[in-house]
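**Student:**
Okay, here's the thing in structure tokens:
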């Protein structure tokens, strides 16, 4: 059985934690072990986003988290991947995303794939700490997702996922080119 609790310093947030976790997927009911949620996560401005994401990432036992962002003027699509599994997809206030990821980066290595449209000036909103790796991804020629049908209002989420996929391909290509270059030097 999975046990989730807050750090001792913020035990007064236990009831809030229970409310935040009640909407998590049933697959967590099958999980084993214990997850301790830090005070800075549960006491954040939007714990309804950070707490479930933090718990999901702890259960996946990952060190690096990949994030796709489709930036918008006021709201941005965001997809968070742990390994090959999506742990969050949604739309969040653009002005808050870098704060959310900064908090998560205290516990995980974060790689952000940030969509870059030709006329995008919303990228200036994002202020990244040095420990968040940012890969800007041109939004033209994004990969299509097989069987893609986009519900109204979900365009930012789907574009964030497509940006993440293209960004992963860019990083894979870079690592292959680096491996070839090292091999050629031998």
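Numbering (the numbering used here), first residue to last: -9 to 176.
Each residue gets a CB set at the ideal place from its N, CA and C atoms; glycine is no exception.
As the structure is a prediction and not an experimental result, all values here were calculated from the model.
Between the Cα of residue 146 and those of 84, 0, 170, spot the shortest distance and give me the residue it belongs to.
**Tutor:** Of 84, 0, 170, the residue nearest in Cα terms is 84.
**Student:** Helix, strand or coil: how does DSSP classify residue 42 here?
**Tutor:** Of the three classes helix, strand and coil, the one that applies to residue 42 here is helix, per DSSP.
**Student:** If I'm right that residue 77 touches residue 40 with Cβ under 8 Å, what's the distance once you round it to whole angstroms?
**Tutor:** So it is not a contact: roughly 12 Å between Cβ atoms.
**Student:** How long is the line joining the alpha carbons of residue 183 and residue 20, rounded to whole angstroms?
**Tutor:** Because residue 183 is not part of the residues shown, which for the chain are -9 to 176, the question remains open.
**Student:** Quick one: using the 10 Å Cβ neighbour count with 16 as the cut-off for buried, is residue 56 buried or exposed?
**Tutor:** Answer is buried; the Cβ neighbour count reaches 16.
**Student:** Evaluate residue 158 with the Cβ neighbour count: other Cβ atoms within 10 Å of its Cβ, from every protein chain shown; 16 or more gives buried, anything less gives exposed.
**Tutor:** Under this definition residue 158 is a buried residue.
**Student:** Looking only at C-alpha atoms, which of -9, 24, 31 sits nearest to residue 89?
**Tutor:** Considering only alpha carbons, the answer is 31.
**Student:** For the alpha helix (DSSP H) containing residue 179, name the first residue and the last one.
**Tutor:** Any answer about residue 179 is impossible in this case: the structure gives the chain only from -9 up to 176.
**Student:** What did DSSP end up calling residue 67 once you bin it into helix, strand or coil?
**Tutor:** Reduced to three states, the DSSP call for residue 67 is strand.
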